[in-house]
Each structure stands twice: as structure tokens, then as C-alpha cells.
Amino acid sequence: MSTQAPAPVQSFSDTSIEKIAYKSVESIPTQEPNDRSRLGYHVWLWLTTKEGTLEESVRSAGSRMLVSY
Numbered sequence: 445m446s447t448q449a450p451a452p453v454q455s456f457s458d459t460s461i462e463k464i465a466y467k468s469v470e471s472i473p474t475q476e477p478n479d480r481s482r483l484g485y486h487v488w489l490w491l492t493t494k495e496g497t498l499e500e501s502v503r504s505a506g507s508r509m510l511v512s513y
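What follows is the structure in C-alpha cells.
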């Protein structure tokens, strides 16, 4: 049995919405890196759909942040 290579990671330009969303949360301390990724995803989702408020989006991410909001 052989292990397949992981899927390639797509790079985005510095002006893309994806890059802006993930860079905006990269300095927020979280318990695990996955919490930060989940938070970045929810910020991206809010930026693209504009549903609800940004605060609601951050809360719905369920990220275990080490700062209070």
C-alpha cells in the first residue's frame, strides 16, 4: 500500500479576499492553529456573503481564542 501525496496548496495574491481574511486573523492567539484557520474561514465567509455582522461570524467560528471579544 502506498501513501498518496497531499493535495497542492493554492496561493492567492495579496489583494485577494481569501488572503485578506486569513492575514487579518493570523496574529490572534488561539489554542490550536486549526482554530485560527476556522476563524479565517468565517471572516472570509462574512466578507463574501455579508450575512449578519462580523461579530456574529466570529462567534459562530467557535474558535478557542486566547483573547476576549
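When we follow our numbering, the leftmost residue of the sequence shown carries the number 445, and every step to the right adds one.
Note that the Cβ used here is the ideal one computed from N, Cα and C, for glycine as well.
Let's test the definition: count the other Cβ atoms within 10 Å of the Cβ of LEU498 and tell me whether it reaches 16, buried, or not, exposed. The residue in question, LEU498, is exposed, as its Cβ has fewer than 16 Cβ neighbours within 10 Å.
In this structure, does DSSP put THR493 in helix, strand or coil? THR493 carries a helical assignment under DSSP once its states are collapsed to helix, strand and coil.
Keeping to the same chain, check which residues put their C-beta closer than 6 angstroms to that of GLN475; ignore five residues upstream and five downstream. Within its own chain, the residues whose Cβ lies closer than 6 angstroms to the Cβ of GLN475, once the five positions on either side in sequence are excluded, are ARG508, listed in chain order.
Is it the case that the Cβ atoms of TRP488 and GLU470 are separated by a distance below 8 angstroms? Taking 8 angstroms as the cut-off, the beta carbon of TRP488 is found no closer than this to the beta carbon of GLU470.
When the Cα atoms are used, what is the spatial distance from ALA505 to PRO452? Looking at the two C-alpha atoms, the distance is approximately 25 angstroms.
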